[in-house]
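Participant: Heads up, the sequence shown is in our numbering, so the first residue is 109 and it goes up one at a time.
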Amino acid sequence: ATIATGLNGTTVVTTASSSASFRVGSEVGDDITLSFSDMRSSALGNASKLSTLIADNTAVSTTAKADTLLASLDTAIGQVS
């Protein structure tokens with residue numbers, strides 16, 4: 109059986125900020141590891157977490173707060189791109 113046939117219909121589930129390893133050959137060390145970052149809104153945007161800023165209905169009540177929100181959005185876009 110080929111690896112494509114062996115994985116047909118299989119779903120690999122990992123947790124946030126985790127990884128999954130796949131054996132791709134017949135020898136020890138013939139593995140591929142995929143790492144996944146935490147992509148929840150609460151983990152994006154660095155110091156000013158997006159979930160906090162978005163939940164705050166006064167997040168854009170001042171120019172400074174709007175600038176902070178936009179900077180966090182720019183950071184989050186960079187993290188998922």
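The beta-carbon is built from N, C-alpha and C at its ideal position, and this holds for glycine as well.
Would you mind reading off the limits of the beta strand (DSSP E) that contains L142?
Facilitator: Segment 139-143, the beta strand (DSSP E) holding L142.
Participant: Excluding the 5 residues preceding and the 5 following T141 in the sequence, name in chain order all residues of the same chain whose CB lies nearer than 6 Å to its CB.
Facilitator: Sequence-distant Cβ neighbours of T141 in its own chain, meaning closer than 6 Å and more than five residues away, are S127, S129.
Participant: Just reading off the beta strand (DSSP E) that S129 is part of, what are its end residues?
Facilitator: 127-131
Participant: Can you tell me where the alpha helix (DSSP H) holding D175 begins and where it ends?
Facilitator: 171-188
Participant: Within 10 Å of its beta-carbon, does S180 have 16 or more other beta-carbons around it, so buried, or fewer, so exposed?
Facilitator: buried
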